[in-house]
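Asker: Provided herewith is a single structure, encoded as structure tokens, for subsequent inquiry.
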Amino acid sequence: MVCDGVCDMLCVLQSVYSSVQTLLSFSESVQYSDGRGAALLLDSDPTRLRNLVAGLVVCSEDTRVPRAASRAQLATLPEVLAFVLNHMKRKKKRNVLSFGYHYSNQRGDWDPFKFHGAVSQSAAFITGSELWAKINQRLGTEVTKYLLQECSVFVTAPPSCLVQFCGVPIYDLVPVRPWSGFFLTSGPPVTCGSSRRGGHKPRARNTSKKRKNEERQSGSTTCGPETKASKGRKTANTKKRQIDKVEEVAQDVESTRKRKRGGGDGEESEGTEDEGTEAKKKCIDVTENASSPPGEPPVETNGADSVQSEWVEPVTSGTAPKEGVSSWKPSDQPPPRPSHCSVRVLSMLYSGRGMKGFLLNRKIRGGVGGARRILGVELVRMIFLQGEACLSGAEPKPRKLPKRFFGMVPLFSRLLRQHRKCPYAHFLRKKCSGGEGMEDLSSLLVSHCSFYRVYLFVRECVRYVVPLELWGSEQNLLNFLSCVKHFLRLGKFERLSLAQVMWRMKVSDCSWTGHKKRHCPSEQRYREWILGQFLLWMLDSFVLGLVKAMFYVTESMGHKHALRFYRRDVWTKLQKLAFREHLSKGQLEALTPQQVALLPKTTVTSSIRFIPKTNGMRPITRLTGTGAALQQFQSSVRDLQNVLGVCVRERPSLLGSTVWGRQDIHRVLSSIAPQHTNMRHPLYFVKVDVNGAYDSLPHAKLLEVVEEVLGPVQDYCFSLRHYAKVWRDSTLGIRKQFCTKADTFESLNMKGFAVEEQNSGRLHNAILVERYSMEVTGVDVLQFFKQMLSSYVIQYDQKWFRQVRGVPQGSAVSTMLCNLCYGHMENSLLKNITEKGGCLMRLVDDFLLITPKLSKAVQFLKTLLAGVPDYGCELNPQKVAVNFPIRDELSLPEFTELPLQCLFPWCGLLIDTSSLDVYNDYSGYTGQSLRYSLTLGSSPSAAVFMRQKLLAILRLKCDSIFLDLRLNSVEAVYKNIYKILLLQALRFHVCVRSLPLGQDVRTNPRFFMKIIWSTAKTISRSITHANTVGTVDLVSPVLQYEAIELLCCLAFGVVLTHHSASYCCLLPQLQKRKRRRCSELRGLRLARVLQAATPRIPPDFSTIRT
């Protein structure tokens, strides 16, 4: 039996696979030709073998009983494993055993029973295991091969984890997010919005269910090879069955058509057949991760242990994909699901390419006369039948359009004529004027257009170009324009579903969608699909294409996910000024054409773009290109980061006062809080910020620092383990992460690694999948770093530059390099700054000194104010803040001088200078809309997604630093809880307002009340977790759950009361629960709650917009 600790993980397996059983149960179910079962375990077997068999779990998608010809051992276990690996590589099947195995069949001595490259640790362990050799001997070669090749096998890693060592990776079977694609066949859905629509292959109709039902009647499947005779009989029988089924379906369809329509017109029947044949070729197939390179995806890491979700290759099952097409007629397939199609806002960012790239201005290549303009017939094919593949000229000569689509040609020809006459430039000047005659950076930065002005421009163009007959009615046009306005105001990572676009659209008004006067429900669904295709094309190609042609759309610093629309000519000026200013800082060196020609072919280049800030532009670089050189460079950068992470883990002093986040800040403040409580001396705070930290690091100093870090470990061999982790989240369901673990000692096998991670407390209740492991030496890493510093080549406006100062902000290793450089500076210049108490913290380039000695505070400020040119350290005077008077020789007008006792701001926190109580700084939300701090997405179950999103954000915001009663006073914790709940109530209101398709709280009041009470329970759990020391609970005597629920009622009540008309069904329940909790608490506890909730809307919340 499998140990009880992994029961939760077995439930995860049962939710993914159809069959989950132990190896012993699997062996007992195998049917051999002689009728006897397999004797996997004998009474004389050692305990090790029994434990191994008891800890193996076999999973499969096939629930049929496996059959085998014999239990004979036809090959040794290494030969079986080699055969399986070579077969999977040759067939390009994904299997955990084959990860890291490089197969080549070009050699003359190729042998399928030999290994032709290095194998993974799991495969190596099986090859050399005597216990696995016994399993192979007792099950037989056929069953062992079936087990390793067709099944997914997991081994228990006590006490609570599983490790997968063969089969399709389980993370391939776990979806990243709910489906968001538009599909009309039974194949997998796809998404829209990140790639161009063109050259789409028809989806194959999946007939595996029928075949499985027929084969399930026999109740078995074979593990070994079939004979030629059996294959022939099977093929013949299959073909006969298929022919019979086709004839039966044809007869049923014909009889149904006659019954419903009373006999059909021959011309109509022929037209319908042509429609079904031609429309099969059209499918919207836009992948969600078009920018991800093929092959093994990059993994960004953080320190020695790194975690990040990444792009995953599509699942490849054990059988080859079926070929063929299915009818597009809704009667022959599942109904369309518009809620599964969405257009992403991200697809219109960073373009501004001009009208030459606009879809309707593109020309069709090929033919005798060369390139020519698009005609109405090509536009109909593009929208409904073939996609943009018809523009390339590579498609074969198209067939005649069906009657239904041929009738649409005059309307779309008229649309093209109107497009060629449309005065787009006039509409742009009329609706989106601004920026003319401005040449300075500050004036151009504020010359962006609001989303509403962009909407007015799009509205003028749509009304002019698109004939009203295509909309069917003015109401349909107004509904579509309303969706366009809503889409333009969405945040950066949001999307709009086709269901929202088609909501309230009247298909009956659009007579052009069909040529029949009376139609059945099937015809109605087909017309809905046609109208949906048109609306999708209008939004994704026409509207987005128009916006991308006329505007440069980008996010901006300090405005969350809100977008800015700059006219193309304004952005061109702005970008030239920004690059000129960036070039004047001496960070880039121009390369001559001769130097560019001498660059190695393996040189990896970067592109540069700029993000608007309040008073400037921030440069962001991104590696460009594809191929082995880029992947090798990215892999080497990650290796450098992992190795540096191991070094700083063993020698933390290398990082100086670095803190990686609020957890580290909490640890540091907790260490000085008891000392300050006992002494009660005034504390002096100094906050400074380095100006352009990443861009100002000198390469010579960086090389010196990294050589000091890697010098002692140049001869060491570092083991890098890349693995995936799958677990079940109580709110978000099954999740996955891709991790990297680096160590200096020889790595264990995957099971030993899982056990060690659990013993250290870093892992529990998870399924691990080994992806690949590798080893690097310190010498190789240092050599790559030297090469990396000299090979930062940036391309901008057909010119080439080399970065001679600083590191790119977008690089995975840049933060680590910056921390090492400033840590080296602190160890050299500021080592004695905290010798008499206090602490020094630095979050990348933001310094904070807390000291009881005024002289130390002045010394620290004076040292950094003078600058440290060797490290490129120059302060930004506007971000210097202190809580004591500054002497005249140090004073600058840009400095911020706060009172001795105040709430001192630093990195999103407010620290009480007298008590060290910590509060959250909500000034970042000032004047901002919470709408742009949330990514609500486009989910078919919008309310369920809203609940998951709100609770996930709440868990992130409930930092221990705000709820720890050992660091903060009781009053501070109460105040923090109330503000967290108040902000959560505002988020709740924003999410309710964003629910699609007219949904609101009145549709299901009970569901929304559960969200509110789940909020209180989540905070209660977070408080208990933050204040539990061993088995001692510090919360119960001070902070009861009733008090948290009352704070929740007060916070949600004050927000929902402002919109009482929308929440009239929730407010009475909140008031009832509030009265009950007030009567239960009373006295001091009730006074604490009311004190925390006074004022009901704190001053820092009064300017937050929803």
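According to full-length UniProt numbering, the stretch in the sequence shown is residues 1 to 1106, in order. Beta carbons: idealized from backbone N, C-alpha and C, even for Gly. Since the model is a prediction, treat every value here as computed from it, not as a measurement.
1) Please tell me whether residue 457 and residue 480 are closer than 7 Å, where the distance is taken between their beta carbons.
2) To which residues does DSSP link residue 774 through a beta bridge?
3) In terms of residues, what are the limits of the beta strand (DSSP E) holding residue 834?
4) Applying the 10 Å Cβ sphere with the 16-neighbour rule, what's the burial state of residue 798?
5) Might you give, ordered along the chain, the residues of its own chain that have their beta carbon closer than 6 Å to the beta carbon of residue 20, omitting 5 neighbours on each side?
6) Taking the beta strand (DSSP E) that residue 918 falls in, what are its first and last residues?
7) If you scan the stretch 446-511 from start to end, which runs of the beta strand (DSSP E) of 3 or more residues do you find wholly inside it?
8) Any idea what DSSP makes of residue 589, helix, strand or coil?
9) Taking DSSP as the reference, what is the three-state secondary structure of residue 571?
10) So, for residue 503: in the same chain, excluding its five sequence neighbours on each side, which residues have a beta-carbon less than 6 Å away from its beta-carbon?
11) Apply the 10 Å Cβ neighbour rule to residue 454 and answer buried if 16 or more other Cβ atoms are within range, or exposed otherwise.
12) Using DSSP with H/G/I as helix, E/B as strand and the rest coil, what is residue 791?
13) If residue 165 and residue 57 are in contact, beta carbons under 8 Å, what's the gap, nearest whole angstrom?
14) Thinking C-beta only, is residue 669 closer than 7 Å to residue 709?
15) Nearest CA to the CA of residue 408: which residue from 450, 515 and 425?
16) Note down, in chain order, each residue of its chain lying with its Cβ closer than 8 Å to the Cβ of residue 1102, except the 5 sequence neighbours on either side.
17) Are the CB atoms of residue 769 and residue 637 within a distance shorter than 7 Å?
18) Short of 6 Å in beta carbon distance, which residues of its chain neighbour residue 929, apart from the five on each side in sequence? Order them along the chain.
19) Whole angstroms is fine: what's the gap from residue 512's alpha carbon to residue 404's?
20) Quick one, are the C-beta atoms of residue 721 and residue 657 less than 7 Å apart?
21) Answer yes or no: do residue 858 and residue 778 have a C-beta to C-beta separation smaller than 7 Å?
22) Under 8 Å Cβ to Cβ from residue 578, same chain only, skipping five residues before and after it: list those, please.
23) Going by the beta-carbon positions, is the gap between residue 448 and residue 491 smaller than 7 Å?
24) What three-state label does DSSP hand residue 1122 in the structure shown?
25) Within a Cβ cutoff of 6 Å, which residues of the same chain sit near residue 296, ignoring the five residues on either side of it in sequence?
26) Can you tell me the Cα-Cα spacing of residue 961 and residue 556, whole angstroms?
27) Taking the alpha carbon of residue 151 as the point to measure from, which residue in 169, 1016, 159 and 847 has its own alpha carbon closest?
28) Identify the continuous beta strand (DSSP E) that holds residue 842 and give its terminal residues.
29) Can you list, in chain order, the residues of its chain whose CB lies under 7 Å from that of residue 378, leaving out five sequence neighbours each side?
30) What residues in its chain sit with their C-beta under 6 Å from that of residue 974, if we drop five residues either side in the sequence?
31) Going by C-alpha to C-alpha distance, which of 925, 926 and 1016 sits closest to residue 958?
32) Closer than 8 Å by C-beta to residue 118: which residues in its own chain qualify, once you throw out the five before and the five after it? Chain order, please.
33) So, for residue 991: in the same chain, excluding its five sequence neighbours on each side, which residues have a beta-carbon less than 8 Å away from its beta-carbon?
34) Would you call the stretch 23-41 and the stretch 138-148 in contact, with 3 or more CB pairs under 8 Å?
35) Say yes only if the C-beta of residue 898 is nearer than 6 Å to one or more non-hydrogen atoms of the ligand NAD, and no if none qualify.
36) Could you name the residues of the same chain whose beta carbon sits closer than 7 Å to that of residue 1098, not counting the 5 residues immediately before and after it, in chain order?
Answerer: Let me lay it out:
1) no
2) 720
3) It is not in any beta strand (DSSP E) - residue 834 carries neither H nor E in the DSSP assignment.
4) exposed
5) 13, 14 and 59
6) 918-920
7) 495-497
8) strand
9) helix
10) 997
11) buried
12) coil
13) About 11 Å separates the two Cβ atoms, so there is no contact after all.
14) no
15) 515
16) none
17) no
18) 1105
19) 8 Å
20) no
21) no
22) 441, 610, 616, 617 and 619
23) no
24) Given a span of 1 to 1106 for the chain in the structure shown, any question on residue 1122 remains unanswerable.
25) The predicted model places residue 296 with a pLDDT of 39, which falls under 50 and marks its position as unreliable, so this point remains unresolved.
26) 29 Å
27) 169
28) 839-843
29) 364 and 390
30) 1088 and 1092
31) 1016
32) 100, 101 and 102
33) 934, 936, 946, 949 and 950
34) yes
35) In terms of ligand content, the structure shown is empty, and the ligand NAD therefore cannot be addressed.
36) 979
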